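These notes concern the structure reproduced below.
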Amino acid sequence: MRTRSTILTLTAAAVLTLSGCGEGPSTPSTAATATPGGAAPAVAAGAGSLAVTPAGALAPGQPVTLTLVLKDAVGTPLGPDAIAVSHTEKVHVMIVDAGLEDYTHAHATPATEPGTWSVTFTPRFARAYTVHAEYLPAGAARPADEHGHGHDHGAGHGHGDGHSQDQGAGHDHGGGPVVVPAPLAVGGEPAPPVGAGQSLTATAGGLAFAVSLGGAATAGAPVPVTIAVTDAGTGQPFAGLEPIMGAYAHLVGFPAGSAGMLHAHPEGTEPASETDRGGPVLAFELHPEAAGPTRLFLQVRKGGQTITVPFTLVVAD
Ligand SMILES: [Cu+2]
534 MRTRSTILTL TAAAVLTLSG CGEGPSTPST AATATPGGAA PAVAAGAGSL AVTPAGALAP
594 GQPVTLTLVL KDAVGTPLGP DAIAVSHTEK VHVMIVDAGL EDYTHAHATP ATEPGTWSVT
654 FTPRFARAYT VHAEYLPAGA ARPADEHGHG HDHGAGHGHG DGHSQDQGAG HDHGGGPVVV
714 PAPLAVGGEP APPVGAGQSL TATAGGLAFA VSLGGAATAG APVPVTIAVT DAGTGQPFAG
774 LEPIMGAYAH LVGFPAGSAG MLHAHPEGTE PASETDRGGP VLAFELHPEA AGPTRLFLQV
834 RKGGQTITVP FTLVVAD
């Protein structure tokens, strides 16, 4: 089932890459309205559909506004009333290129047409991209959401099973957030293959990050992941992570060669106010779905600046 939906999504992406790479500035690539979810039952099952249309020419370094049309599994447009706030926003949009190098996490704002949202991003490459829309259907809001500080993955916050993420192409896991992908071709440039080597340490924004696995990372099985944060200058543990979108960190993963997406937040208490601080160790539970390299992007905030840190996790079969 998972494999089938991935293949269908990739087929749609391939078609788009072929038809959507005209360089003409006046071709707002109608091909980009191809909706893998709309036509493909395997993707739409339990989830919904996403159609993406750029409002202008797509070119590296140029901001472009994308129009997103969100529909539920039976084709009803999803406007602001149909979507609950999760992690401070209604519609999170994760955009990544096929080489898994250029990652954007943005938020969509409602547009005039029912179910229509807009979001602006600036691609770095003339490559194929995937746009993932993540939202929590209003009816799916959990009791935790009533606390009013952006809890969405209710089960991950001390309610028992520690499952604190959503994942996969159009996957809807029992009332939690829904993630729906759609292809977007910025250009026809081939993306370099995602490196097969594991890379679990990085330095960014004056901080050093080291990922540790609490077991083997295997497709289809949960694995505990901790990320230790230290001051890159002094080597001292860093416990000053500022809240970002209602959490101390966001960990988003993309398996190479798939339209799937993982999204996890640190276990434990989420920030209740702007002055709360997180770190020095962030603990997650990841559910890798596909064998091979998965690119992880950690987002944290320090000194008011968002720091985005890439890692590569190699997942065994
Ligand atoms: Cu998040």
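Numbering (the numbering used here), first residue to last: 534 to 850.
C-beta: ideal position from N, C-alpha, C; glycine also.
Note that the structure is a prediction, hence the values are computed from the model and not measured.
query                                                                                                        : result
H820 CB to nearest heavy atom of ligand 1 below 7 angstroms                                                  : no
Closest residue to G747 among H820, T655, K604 (Cα-Cα distance)                                              : H820
Classification of R828 by the beta-carbon crowding that lies within 10 angstroms, buried from 16 upward      : buried
A631 Cβ short of 7 angstroms to ligand 1 heavy atom set                                                      : no
Completely contained alpha helix (DSSP H) runs for the stretch 749-830, where each covers 4 or more residues : none
Which listed residue (I760, G608, E803, S791) has its alpha carbon closest to that of P826                   : S791
At least 3 beta-carbon pairs within less than 8 angstroms: the stretch 647-666 vs the stretch 710-718        : yes
For D630, the three-state DSSP class (helix, strand or coil)                                                 : strand
Cβ contact check for the stretch 601-617 and the stretch 631-639: 3 or more pairs under 8 angstroms          : no
Beta-carbon proximity list for S732, same chain, < 7 angstroms, skipping 5 on both sides                     : F844, T845
First through last residue of the beta strand (DSSP E) which encompasses V848                                : 838-848
Exposure label - R660; buried when at least 16 CB within 10 Å                                                : buried
Under the three-state DSSP convention, the category A671 falls into                                          : helix
Bridge partner(s) assigned by DSSP for T734                                                                  : A743
Reduced DSSP secondary structure (H/G/I, E/B, other) of A615                                                 : helix
Within 8 angstroms, strictly: CB atoms of V814 and A761                                                      : yes
Check whether E803 and G779 have beta carbons under 8 angstroms apart                                        : yes
Cβ-based neighbour list, H704, same chain, cut-off 7 angstroms, excluding 5 preceding and 5 following        : Its pLDDT being 46, under 50, H704 is placed unreliably by the model, and nothing is read from it.
Cβ contact check for the stretch 584-604 and the stretch 741-757: 3 or more pairs under 8 angstroms          : no
Residue of Q838, A805, V727, K604 minimising C-alpha distance to G632                                        : V727
Cβ-based burial, V842 [other Cβ within 10 Å; buried from 16]                                                 : buried
Nearest-angstrom Cα separation, counted from G730 out to A782                                                : 24 angstroms
Best match in E722, G801, T645, Q832 for proximity to A737 [C-alpha to C-alpha]                              : Q832
Alpha carbon of L601 to alpha carbon of I628, nearest angstrom                                               : 12 angstroms
Coil, strand or helix - P656 by DSSP                                                                         : coil
Rounded separation between F742 and P776 - CA only                                                           : 17 angstroms
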